[in-house]
Amino acid sequence: MSQLPQDLKYTKSHEWVRTRPDGTLEIGITDHAQHALGDLVFVEVPEGGRSVTAGDACAVVESVKAASDVYAPVSGEVLEGNGQLAAAPETVNTDAYGAGWLYRLRPAAGALAAAALLSAADYQKVLDAEGG
Amino acid sequence: MGRKTPLFSLHQELNARIVDFGGWDMPVQYGSQIGEHHAVRRGAGVFDVSHMCVIDLEGARARAFLERLIANDVGKLKVPGKALYSCLLQEDGGILDDLIVYYLSESFFRVVVNAGTRDKDLAWIRRHAQAFGVTVTERADLAMLAVQGPEARAKAAQLLPPAGVAAALALVPFSAAAVGNWFVARTGYTGEDGFEIMMPAADAVPAWRSLNSLGVASCGLGARDTLRLEAGMNLYGNDMDASTQPYESGLAWTVALERPRDFIGRAALEPLARSGSPRKLVGLLLTDRGVLRSHQQVLVPGVGEGEITSGTFSPTLERSIALARVPAGTQAVVQVDIRGKLLNARVVKPPFVRFGRALITLS
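Sequence order for the protein chains is A and B.
The first sequence runs 1115 to 1246 under my numbering.
The second sequence runs 215 to 577 under my numbering.
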């Protein structure tokens, strides 16, 4: 079964959000998502400096089978994309919540509070409802 | 709920992810799709292809019927057991399906067609068989396993009755033989050596388990698709369909016009054979980073536009490859529109990979 770290927030579209000590956010896709996608072979992450609005498609993960958009869970400015994934996209499969992070974001003022993020328990309910 | 093959419960037991394929509930992967792909390139894998439709054609005029029915020349089948790949064409030259026909005797030929086109094909074949007095029998009682890879024949031979092993291992490529009540063909859809074995449905589960115990990996339709695309083999419904003809589908080699043989579609194809088709199917190797996918637009500077018909990440080459239908004048380099970005791709001649080795240069 999928593992769900309790200290992260989640979205219905299967992204996770980690608040770092300096208040910036680290964003990736959940273990459930990487498992559903299968072996990842290409990851496109946003570049630093890009402004994103919650709900924007701002990264792409591609498995052998298909390409999937990754949505911004929170509005803000991208600080950096995870440059390691260009050469090693499979890191998202093997370490979805760690080295497989996709990008880091400085949230816009009030954006984190305004974002509709889920606790681990609530995200688990989303998975249960999907039959996952 | 789709149709199920005799192996469906075993696929579930093996934790396969099941998807709909042409109305059938089929395993797309058991674990890692890339792992299954490599198993076939490096060792051996087994695929459930029981969803494909086996049709027996029996009657004194079976050969004459096939001369009329298919675009390739069944006259090339001179030795019992030999197989032939062909298109089944409409009158307008559009491709109804692709198939393999096996010559068993003058009064008995066996045809294997695609799962998604089963009903349409059966109706078409039955309609045209009447004039030849040929009996058309759908063999829904058979299961089919494709055992593929450099070690596939040696492993699969261990399942055969001792008296049949020598005959099976003596088969030349693209030929088949009855071994007991199994029908063993040295054919496949992966670019590797191997067998496709038709057997009574009840034999399928024990055969699969035996293959697994011999180290043959269970492989799903996902790996089958990346393997066939690396091998430069068309997929019906993607790379050709009723709206396309063989000359724009990389299948000119399967259209036999040499003999004055009145096959369905000939009248439409002859002018094209003389003038040349305005479009062609080519291989693409993406030189930029990304993944080519079907329906992406191909831009050919100064020539026109085309479309990718099948695209994927090639596990063997670790690059993205595709088949694309492009204007006939397309030369060495094209651009592909991927999510609004124009990426560069090189035009190459398929196959990309055969017998485990790259056949194109990557630089």
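Beta carbons are placed, not taken as given, at the ideal position from N, Cα and C, and that holds for glycine.
Which term fits residue i, buried or exposed, when burial requires 16 or more other beta carbons within 10 angstroms of its beta carbon?
i                 : result
Arg473 (chain B)  : exposed
Gly479 (chain B)  : buried
Ser1233 (chain A) : exposed
Met1115 (chain A) : The predicted position of Met1115 (chain A) is uncertain, since its pLDDT is 48 and thus under 50; no value can be drawn from it.
Lys1123 (chain A) : buried
Glu1176 (chain A) : buried
Glu532 (chain B)  : exposed
Gln459 (chain B)  : buried
Glu1129 (chain A) : buried
Ser223 (chain B)  : exposed
Gly1224 (chain A) : exposed
Gly516 (chain B)  : exposed
Met215 (chain B)  : exposed
Thr302 (chain B)  : Looking at the sequence provided, one finds Leu at residue 302 (chain B) rather than Thr. Buried is the call here.
Arg493 (chain B)  : buried
Asp234 (chain B)  : exposed
Are the beta-carbon atoms belonging to residue i and residue j less than 8 angstroms from one another?
i                 : j                 : result
Pro220 (chain B)  : Arg231 (chain B)  : no
Ile649 (chain B)  : Trp422 (chain B)  : With chain B covering 215 to 577 only, the question about residue 649 (chain B) has no answer from this structure.
Gly464 (chain B)  : Asn448 (chain B)  : yes
Ala1168 (chain A) : Ala1243 (chain A) : no
Ala470 (chain B)  : Ala285 (chain B)  : yes
Asp417 (chain B)  : Pro364 (chain B)  : no
Leu1199 (chain A) : Val1131 (chain A) : no
Gly1152 (chain A) : Gln247 (chain B)  : yes
Val1188 (chain A) : Gly1163 (chain A) : no
Gly497 (chain B)  : Ser508 (chain B)  : no
Glu462 (chain B)  : Ser489 (chain B)  : no
Arg256 (chain B)  : Gly570 (chain B)  : yes
Could you check which residue in the options has the C-alpha nearest to that of residue i?
i                 : options                                    : result
Glu250 (chain B)  : B:Val361, B:Asp355, B:Asp311               : B:Val361
Val505 (chain B)  : B:Val517, B:Arg553, B:Trp467, B:Ser463     : B:Arg553
Phe261 (chain B)  : B:Val419, B:Leu385, B:Gly273, B:Ala470     : B:Val419
Ala437 (chain B)  : B:Trp422, B:Leu537, B:Phe527               : B:Phe527
Ala371 (chain B)  : B:Arg340, B:Lys334, B:Leu383               : B:Leu383
Lys1179 (chain A) : B:Pro564, B:Ile339, B:Glu462, B:Ser534     : B:Ser534
Gln1148 (chain A) : A:Gly1195, A:Gly1212, A:Thr1138, A:Arg1164 : A:Gly1212
Lys334 (chain B)  : B:Arg282, B:Glu352, B:Leu513               : B:Glu352
Pro376 (chain B)  : B:Pro387, B:Phe388, B:Val393               : B:Val393
Gly1190 (chain A) : A:Ala1235, A:Gly1137, A:Gly1245, A:Leu1118 : A:Gly1137
Ala1202 (chain A) : A:Ala1171, A:Gly1195, A:Val1155            : A:Val1155
Tyr299 (chain B)  : B:Met413, B:Gly497, B:Pro387               : B:Pro387
Gly295 (chain B)  : B:Asp476, B:Cys433, B:Phe322               : B:Phe322
Glu1158 (chain A) : B:Arg503, B:Thr530, B:Lys563, B:Val562     : B:Arg503
Leu495 (chain B)  : B:Gly245, B:Val562, B:Ala538               : B:Ala538
Leu1139 (chain A) : A:Ser1127, A:Ala1186, A:Ala1210            : A:Ala1186
Glu305 (chain B)  : B:Trp338, B:Ala276, B:Gly289               : B:Trp338
Lys218 (chain B)  : B:Gly543, B:Arg256, B:Ser264               : B:Ser264
Distance, Cα to Cα, residue i vs residue j?
i                 : j                 : result
Gln455 (chain B)  : Pro1160 (chain A) : A small correction: the amino acid at residue 455 (chain B) is Asp; Gln does not occupy that position in the sequence shown. In a straight line, the C-alpha of Asp455 (chain B) is about 38 angstroms away from that of Pro1160 (chain A).
Met358 (chain B)  : Gly378 (chain B)  : 18 angstroms
Gln1120 (chain A) : Gln1238 (chain A) : 11 angstroms
Thr201 (chain B)  : Asn426 (chain B)  : Outside the displayed range of chain B (215 to 577) lies residue 201 (chain B), so it cannot be described from this structure.
Asp482 (chain B)  : Gln510 (chain B)  : The displayed chain sequence assigns Ala, not Asp, to residue 482 (chain B). Going from the Cα of Ala482 (chain B) to the Cα of Gln510 (chain B) covers about 29 angstroms.
Leu499 (chain B)  : Gly520 (chain B)  : 15 angstroms
Val1240 (chain A) : Arg324 (chain B)  : 50 angstroms
Ala368 (chain B)  : Leu443 (chain B)  : 25 angstroms
Leu1219 (chain A) : Thr1125 (chain A) : 16 angstroms
Gly1197 (chain A) : Leu557 (chain B)  : 20 angstroms
Val348 (chain B)  : Glu320 (chain B)  : 12 angstroms
Ala329 (chain B)  : Val315 (chain B)  : 15 angstroms
Arg568 (chain B)  : Tyr403 (chain B)  : 11 angstroms
Leu385 (chain B)  : Ala399 (chain B)  : 8 angstroms
Gln549 (chain B)  : Val512 (chain B)  : 6 angstroms
Tyr450 (chain B)  : Asp1236 (chain A) : 44 angstroms
Ser1165 (chain A) : Gln226 (chain B)  : 45 angstroms
Cys267 (chain B)  : Asn229 (chain B)  : 25 angstroms
Val540 (chain B)  : Ala559 (chain B)  : 13 angstroms
Trp238 (chain B)  : Val327 (chain B)  : 15 angstroms
Ala354 (chain B)  : Tyr244 (chain B)  : 25 angstroms
Leu373 (chain B)  : Tyr317 (chain B)  : 24 angstroms
Gly289 (chain B)  : Ser577 (chain B)  : 43 angstroms
> When you check each C-beta in the region 502-516 of chain B against every C-beta of chain A, which residues fall closer than 8 angstroms?
Replying inline: Arg503, Gly504, Val505, Arg507
>> Please identify, using Cβ separations under 8 angstroms, the residues of the region 1144-1175 of chain A that lie next to chain B, in order along the chain.
In response: Gly1152, Asp1153, Val1155, Phe1156, Glu1158, Val1174
>> Short of 9 angstroms Cβ to Cβ, which residues in the region 239-272 of chain B face chain A?
In response: Val242, Gln243, Ser246, Gln247, Ile248, Gly249, His251
> Along the region 1219-1243 of chain A, what residues have a CB closer than 8 angstroms to any CB found in chain B?
Replying inline: none
> Can you list, in chain order, the residues of the region 431-444 of chain B whose Cβ is nearer than 9 angstroms to any Cβ on chain A?
Replying inline: Gly436, Ala437, Asp439, Thr440
> Taking a cut of 8 angstroms between CB atoms, which residues from the region 1190-1211 of chain A lie near chain B?
Replying inline: Ala1200
>> Counting only Cβ-Cβ distances shorter than 9 angstroms, please list the residues of the region 471-501 of chain B near chain A, keeping chain order.
In response: none
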